[in-house]
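Below: one structure, written as structure tokens.
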Amino acid sequence: MAKDLQTAHAVRLPENRNTALTALTDARVGLGRVGASMPTEEVLKFAYAHARARDAVHAGFDVKTLANALEAIGLKSVSVRSAAPDRMTYLRRPDLGRRLADDDRERLGALQAEGVDIGIVVADGLSATAVHVNAVPFLAALLPLLRSAGLTVGPVTFVQNARVAVGDEIGALLRARLVLVLIGERPGLSSADSLGVYLTHGPLPGRSDAERNCISNIREGGLVPPLAARKAMWLVNESLRRQLSGIALKEEETTLIGTAAEG
Numbered sequence: 013m014a015k016d017l018q019t020a021h022a023v024r025l026p027e028n029r030n031t032a033l034t035a036l037t038d039a040r041v042g043l044g045r046v047g048a049s050m051p052t053e054e055v056l057k058f059a060y061a062h063a064r065a066r067d068a069v070h071a072g073f074d075v076k077t078l079a080n081a082l083e084a085i086g087l088k089s090v091s092v093r094s095a096a097p098d099r100m101t102y103l104r105r106p107d108l109g110r111r112l113a114d115d116d117r118e119r120l121g122a123l124q125a126e127g128v129d130i131g132i133v134v135a136d137g138l139s140a141t142a143v144h145v146n147a148v149p150f151l152a153a154l155l156p157l158l159r160s161a162g163l164t165v166g167p168v169t170f171v172q173n174a175r176v177a178v179g180d181e182i183g184a185l186l187r188a189r190l191v192l193v194l195i196g197e198r199p200g201l202s203s204a205d206s207l208g209v210y211l212t213h214g215p216l217p218g219r220s221d222a223e224r225n226c227i228s229n230i231r232e233g234g235l236v237p238p239l240a241a242r243k244a245m246w247l248v249n250e251s252l253r254r255q256l257s258g259i260a261l262k263e264e265e266t267t268l269i270g271t272a273a274e275g
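Numbering-wise (our numbering), the sequence shown opens with residue 13 and increments by one.
If you want it as structure tokens, here you go:
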């Protein structure tokens, strides 16, 4: 009887309309309702998505596995920590995630005697899950493009409990002309594995967010890593050519689409 009543009160969009909407977005649209509530299936899906997002925020950063994978494609790496001593401090004190721990700052400063064109930072951010899934595919697609352009790349710097701005300090220590920060984005209820890439020309501590360019939602369900690498390479070339980054550097979408189509 209860099942019959639930079925009688369930309201959903017509199947063809529901399919058309969900094919266009990961957002929760066309869920229907049962009485004044959502269908039980959708409530459970929402709870699962929320749990995945929380897990992504608190997931451990598997630097060793990532370092081995990058070594296989010809990238050396070094691991450092931010000034946030643990995960809970990191979440409560964003400022500490924006700078290096004192001992790691000294160690990194002694590492690079000569400057490089590109510094690469891989940081856990708010989703180590995103980094585990997408960082290596992105860099595997980007590295040949950087090498074919004759650009030198410093050792990849892994940073635990990091915010985007830590890349400014690292880039300055490595004497990099430009720094790319790969970082796990804040998980949403549609995706917990979204990677962001931030580009800053002339990295120095104190750079503002207006001086960076960002490529976001890098994942298989969003901007796939190979295409994101092409977008990043366009920005790298233009940033080095114009000697700037941020709001003064606008993406030329037709150029990017053309480049992707050629590939």
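Glycine included, every Cβ here is placed at the ideal spot set by N, Cα and C.
All figures in this text were calculated on a predicted structure; none of them were measured in a lab.
Nearest candidate by alpha-carbon position, reference residue i, set the options
{"i": "Y102", "options": "E250, R253 and Q172", "result": "Q172"}
{"i": "M100", "options": "R111, K243, V69 and L211", "result": "V69"}
{"i": "L108", "options": "G86, V168 and E181", "result": "E181"}
{"i": "R242", "options": "L120, L43 and L151", "result": "L151"}
{"i": "S220", "options": "L192, L194, G258 and E250", "result": "G258"}
{"i": "W246", "options": "P167, L256, P199 and E263", "result": "E263"}
{"i": "A65", "options": "G44, V134, S203 and P238", "result": "S203"}
{"i": "V134", "options": "R119, I195 and V128", "result": "I195"}
{"i": "G127", "options": "V90, T169, A63 and G183", "result": "G183"}
{"i": "D74", "options": "R110, E250, L256 and F170", "result": "F170"}
{"i": "L185", "options": "L78, E250 and D114", "result": "D114"}
{"i": "D281", "options": "L256, D38, A48 and G72", "result": "Examination of residue 281 is not possible in this model, given that the chain is present from 13 through 275 alone."}
Under 9 Å between C-beta atoms of residue i and residue j
{"i": "S94", "j": "A35", "result": "no"}
{"i": "A260", "j": "V209", "result": "no"}
{"i": "L130", "j": "A177", "result": "The amino acid at residue 130 is misidentified as Leu; the sequence shows Ile. For I130 and A177, no; Cβs fall outside 9 Å."}
{"i": "L163", "j": "V248", "result": "yes"}
{"i": "P217", "j": "S206", "result": "no"}
Whole-number beta carbon distance between residue j and residue i, since they are thought to touch under 8 Å
{"i": "I132", "j": "V165", "result": "6 Å"}
{"i": "G121", "j": "E197", "result": "Not a contact, Cβ separation roughly 29 Å."}
{"i": "A153", "j": "P238", "result": "4 Å"}
Rounded separation between residue i and residue j - CA only
{"i": "I227", "j": "A140", "result": "17 Å"}
{"i": "R105", "j": "A96", "result": "8 Å"}
{"i": "L211", "j": "L87", "result": "19 Å"}
{"i": "G275", "j": "K76", "result": "Note on G275: pLDDT 48, under 50, position unreliable in the model; no value is reported."}
{"i": "G159", "j": "G214", "result": "Here residue 159 is Arg; the residue named in the question, Gly, does not match the sequence. Cα to Cα, R159 sits roughly 20 Å from G214."}
{"i": "L252", "j": "V191", "result": "11 Å"}
{"i": "T44", "j": "T52", "result": "Thr is not the amino acid found at residue 44; the sequence shown has Gly there. Approximately 11 Å, taken between the alpha carbons."}
{"i": "V168", "j": "L112", "result": "15 Å"}
{"i": "V236", "j": "G179", "result": "23 Å"}
{"i": "M50", "j": "E223", "result": "44 Å"}
{"i": "L25", "j": "A63", "result": "Unreliable placement is indicated for L25, whose pLDDT of 48 sits below 50; the coordinate value is still reported in the next sentence. Spanning the two alpha carbons is a distance of roughly 27 Å."}
{"i": "R40", "j": "A61", "result": "11 Å"}
{"i": "D116", "j": "L123", "result": "11 Å"}
{"i": "A161", "j": "Q255", "result": "16 Å"}
{"i": "A240", "j": "R110", "result": "24 Å"}
{"i": "E250", "j": "L155", "result": "17 Å"}
{"i": "V193", "j": "L157", "result": "17 Å"}
{"i": "R119", "j": "D38", "result": "43 Å"}
{"i": "G47", "j": "N225", "result": "46 Å"}
{"i": "L78", "j": "G42", "result": "39 Å"}
Quiz prompt | Cβ contact (3+ pairs, closer than 8 Å) linking the segment 51 to 62 and the segment 73 to 83 | solution = Verdict: no, contact absent.
Quiz item: Can at least three beta-carbon pairs, one atom from the segment 224 to 232 and one from the segment 145 to 152, be found at a separation below 8 Å?
Solution: Cβ pair count under 8 Å is three or more, so yes.
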